[in-house]
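> Residue numbers for the sequence shown follow UniProt numbering, beginning at 1 and rising by one.
From the three backbone atoms N, C-alpha and C, an ideal C-beta is built for every residue, glycine too.
In this text the structure is predicted, and so the values were computed from the model without any measurement.
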Amino acid sequence: MDAPTLSITLLGAGQEVGRSCCVLQYRGKTIVCDAGVHPAHSGMASLPFIDELDWSTVDALLITHFHLDHAAALTYITEKTNFRDGKGKVYMTHPTKALHKFMMGDFVKMSSSSSDALFSPMDMAMSLAFIIPVSVHQLITPCPGISFTPYHAGHVLGACMFLIDIAGLKILYTGDYSREEDRHLVKAELPPIRPDVLIVESTYGVQSLEGRPEKELRFTTLVHSIIRRGGHVLLPTFALGRAQELLLILDEYWKKHPDLHNVPIYYASGLARKSMAVYQTYIHTMNSNIRTRFAKRDNPFVFKYISNLPQPRGWEKRIAEGPPCVVLASPGFMQSGPSRELFELWAPDSRNGLIITGYSVEGTLARDIMTEPEEFESVKGGMIPRKISVAYISFSAHVDYSQNSEFIELVKAQHVVLVHGEQTAMARLRAAMTSRYKERDEDVKIHTPRNLETLNLSFRGERVAKAIGTLADRQPRPNDVLSGLLVSKDFSYTLLDPRDLKDFAGLSTCTVTQRQKIVLGVRWQLVRWHLEGMFGSVEEGIDKEGLPTMRVMGAIDVKQTQEHELTLEWDSSASNDMLADSTLALITGIDKSPASVKLTSQPHSHSDPHSHPHAEREDPVTRIKRLAWFLEAHFGEVELHMPDESQEEPEQGEDDNEPSLLVRLDEAVAQINLVALTVASSNEALKKRVEVVLDMAVTTVGSLQQAFVSKPGGFVGAEESEKASKKAEGGGDGRDSHSDDSDVDSLLEVHD
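Okay, here's the thing in C-alpha cells:
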C-alpha cells in the first residue's frame, strides 16, 4: 500500500514576502494557514492565488496574527468564494481577532475609495462573525482527524504558531515569529512535541541582526541627534505591532532626558488610539515585565510624553513647518497615507531624518528609499528631491539567521519548508542549513517551494493501536498474542474484545449461522475419510440434538441428519465461508471419486477396529520425524531429547520435562520445545534463524488443520507428547502399529 502523502501548496509567500497562504492536504483533510494580501500590489493582484483551491473543501483556516500580509484576504475568501458552502471554520487567538477588527476597518476605509476595492465594509463585518477565537495552549478539534494547538510566537500581540495534527501527522506552522523577548512580548515557544514537518519563515535569510540593547541604544541616539540639529524624525510603522514597542522605548527615553520634555512625540493614527484598549485588555498575554508593572497599577500603555495626533485637514503641513518633533505614522511601507504625505513634505530638508524600523517588502517606497536615491516620484506625479537622512534599524520582530537556525535545529523536524522570504534570501538560508546538517551527517530535507508548486512528502509512520476494555484488564507477557477487533475511527486505532464493542464503539454484534443440506448416497465413514484426507484430523461427536457430527477445522460442523442426508452448519465469516465452500465441494464429489470406489471395494476396511490411514498420518512420532527431516536439511544432524533423558545443556532450563529437538551449529545450541513450539538459545542469531526455519517446517509438514488453526499445545500436544514418549521407548499407545516407528533411532534416520 502506498504511503500517505502530505501535499503543501503555497498560494502566496512562496519565494516572496507577502500574501501568506499555505494549503496543507493529507488523507482527505485540508487546512489553510494564513490568508494575506501583498503590500506592494492592490486590488485582485494583491490576493493569493485563491482560484487554485476549492474553498468548500477546507476543514479549517488558521490565522497566525493580524498583519495585513497574513490576514487581509480572509474577508474575500469567506464572502467572495465558496468557503461557506463547506464546513470549514476560521480560527485565531482572542487578541488577534480584537486587533484584526480594527486593522480590517482601516484597510477597508483606505481601499473603499479605489475602483479595485476587494470587498465592502458589510463584507468585512459578516466575516468577523465567522471567526472562532481560541486561547494559546488550547487543544482545538475542528473536525474528526484534525486538531491543533496555538503556541506563543512573539512578533506582535496575539501572534501564534500552530502545531497541527492531521491523522497523526504533526506539522508546525510558525507564521512570523521572534525568539527574542522585547519590552512587552514573550519570545516564541518551542512546542513540546517533535513535528514531522516544520513550515518556517525565512524573512532575513542568513542575515544577522544586532541585539535588542544595541539597537535600542542606536535608535534613541539617532533620534536625539536629529532633534538636536533642529530636524523632524519620521518613523513609518504599522499602526499595530512594532509601533507599541517603539512607543515604550521612546517614552522611557524621554523620561530619562529632561532636555527632551518639550519635544513632542506624535502617534499619527486613530487606529492606534482605538487599539490601546485591546493592549490593556490582554496584559496577561504579555511578558513578566509588563504584568508586574500593571500589577503595581503602573499601566505601561498610558504614555506621559506621547500624544495621539489630532487629524484636522492639513495637519501634516503644519507639523512640517513647526518645531522639531518625532512622528510615528502608518503605513510602514509608505505606499500611501500619513507616512507618505509627511515623507514628501520633509524629504527636501537635510535636517530631517527618516528611520526605517521594520522589514520592507520589495516594490514599496520604504524598500526603494533605503538605497538613498537623489529623488523619488510623488503620489501625484513629479519628482521630489531627497535630502532627508535615511537610516535602517530593524525592530521587525522577525528571527535572524542565528535565531532561526537554532530554532529549526531544536524542533528536529524531518522536513523543513521555508516560506515568507525573497528568493535569494531563502536560497542562502537553505544552503546554509543543508551544510550544517551535512556536517553532522543528519538526514533533514530543506524545501523552498515557489507559489503554486505543490510539494509532496510521503510518510510511513507507525500505526499504534490502543487495547482497551477487557483486553486491557491483564498485563500481557512478552511474546503473548493479543487478538481482538481493530476499530479505526478518526485515523486512530483501538483493539477491542468483540464483547466490548457496544460499550466503547457504540456498535452491536450478531452472529449469522448458515446451514446447507446435501443429499448423498455414501456412508458416514467414507465422508470422514475424505475430510481427514483434505483437512487433517476432524473432531467427531454428538451434538445437542443427538446427531452424529464432525467438526472440520474447528469451524464447520457436518451433521448426519438422515441416513443419506448431511447438513453443513457454520458461523458466517470470510474464512468460515471459504472453508464451507471447500467442504461442500469435497463432499459433493465423494460419490464420483475413484478413491471412494477403491475403498468401498474392501468392505472390512471401515468396519473393523483398524485405524484410518489418515489418522495414522496424524501420529505424533511421524510428525516429529518429518519435522526433524526438515530441520536436518537446513542445519545437519538434529538430536531428539525426551523427558526422561538427561542432557546438560544450558539452554534447556525448565523445558527439560517436555520433548524437544536440539539443533547444533558450530559451538551454539538451540532447543526446540515440541509442545510449545518455542526456541531457546544463548545465541540470538541462531535462535532467530531456527525460529524462521521452524515456522516453515510446521507449515510444510503439518496438515491443513494445523496450518490454518493455531491450536494451543503447538506441534505436539501434551497428551500426544506422552504417547510419543512411550512409543519412543518402545511401548504401545493402545493401537496396532505396523511400522518400525517405535524405534527411537528411526526417527532421526536420513533417507536418501
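Report yes if the C-beta distance between R19 and L47 is below 8 Å; otherwise report no.
yes
> Any beta-carbon of chain B closer than 8 Å to the one on V552?
No chain B appears in this structure, which consists of one protein chain only.
> Quick check: the stretch 126–135 against the stretch 91–110, are at least 3 beta-carbon pairs closer than 8 Å?
yes
> For Q280, which residues from the same chain have a beta carbon less than 7 Å from its beta carbon, with the 5 sequence-adjacent residues on both sides left out?
N299, F301
> According to DSSP, is K723 helix, strand or coil?
With a pLDDT of 44 at K723, under the threshold of 50, the modelled position of this residue cannot be trusted; read the value that follows with caution. In the structure shown, K723 sits in a helix (DSSP, three-state: H, G or I).
> With distance defined between alpha-carbon atoms, name the residue in L118, K109, E439, D85 nearest to H41.
Closest by alpha carbon: L118.
> How is the alpha helix (DSSP H) around A159 delimited, first residue to last?
Where A159 is concerned, there is no enclosing alpha helix (DSSP H), given that its DSSP letter is neither H nor E.
> List the residues that DSSP assigns as beta-bridge partners of A329.
P236, A268
> Taking Cβ positions, are residue 799 and L686 nearer each other than 8 Å?
Here the chain comprises residues numbered 1 to 752, so residue 799 is not present and cannot be evaluated.
> Among residues of its own chain, excluding the 5 on either side of Y359, which ones have a beta-carbon nearer than 8 Å to its beta-carbon?
V17, T203, Y204, S394, S396, H398
> By how many angstroms is the C-alpha of V32 removed from the C-alpha of P213?
37 Å
> Which of helix, strand or coil does DSSP assign to A697?
helix
> Is DSSP giving D441 helix, strand or coil here?
Coil, per DSSP.
> Apart from the five residues on each side of it in sequence, which residues of its chain come closer than 6 Å, Cβ to Cβ, to L354?
L234, I388, V390
> Tell me the rounded alpha-carbon separation between E216 and G28.
49 Å
> Would the C-beta of E684 count as close to the ligand FAD, meaning under 7 Å from any of its heavy atoms?
Ligands displayed in this structure: none; no statement on the ligand FAD is therefore possible.
> Look at A465 and L486 and say whether their C-beta atoms are less than 8 Å apart.
Less than 8 Å divides the Cβ of A465 from the Cβ of L486.
> Assuming K466 is part of the beta strand (DSSP E), what are its boundary residues?
465–467
> Look up N82 in the DSSP assignment and give the residues it is bridged to.
According to DSSP, N82 bridges with nothing at all.
> Taking only three categories from DSSP, how would you classify V32?
strand
> Quick check on this structure: which residue in G154, A45, R499, G12 has the alpha carbon closest to the alpha carbon of Q403?
G154
> If you follow the beta strand (DSSP E) that I556 is in, where does it begin and where does it stop?
556–562
> Given this structure, state the Cα-to-Cα distance separating L11 from A467, to the nearest angstrom.
Their backbone Cα atoms lie some 42 Å apart in a straight line.
> For A718, which residues from the same chain have a beta carbon less than 8 Å from its beta carbon, with the 5 sequence-adjacent residues on both sides left out?
The predicted position of A718 is uncertain, since its pLDDT is 40 and thus under 50; no value can be drawn from it.
> Just grab the DSSP bridge partners of W570 for me.
DSSP, once it has assigned bridges, lists Q514 as partnering W570.
> Find the nearest neighbour of F219 within the set V197, L247, G230, judged by alpha-carbon distance.
L247
> Would you identify the three-state DSSP class for F343, choosing helix, strand or coil?
helix
> For F535, which of helix, strand or coil comes out of DSSP?
helix
> Distance check for K97 and R297, CA to CA, integer angstroms please.
26 Å
> By alpha-carbon positions, which one of L627, R340, V417 ends up nearest to G332?
R340
> Less than 8 Å separating the beta-carbons of H152 and V200?
No Cβ-Cβ contact shorter than 8 Å links H152 with V200.
> Can at least three beta-carbon pairs, one atom from the stretch 187–195 and one from the stretch 139–152, be found at a separation below 8 Å?
They touch, by the three-pair rule.
> Does DSSP classify Y204 as helix, strand or coil?
coil
> Contact between the stretch 490–499 and the stretch 686–698 is defined here as three or more beta-carbon pairs at a separation below 8 Å; is this criterion met?
no
> DSSP state of A680, grouped into three classes?
strand
> Is R664 helix, strand or coil by DSSP?
strand
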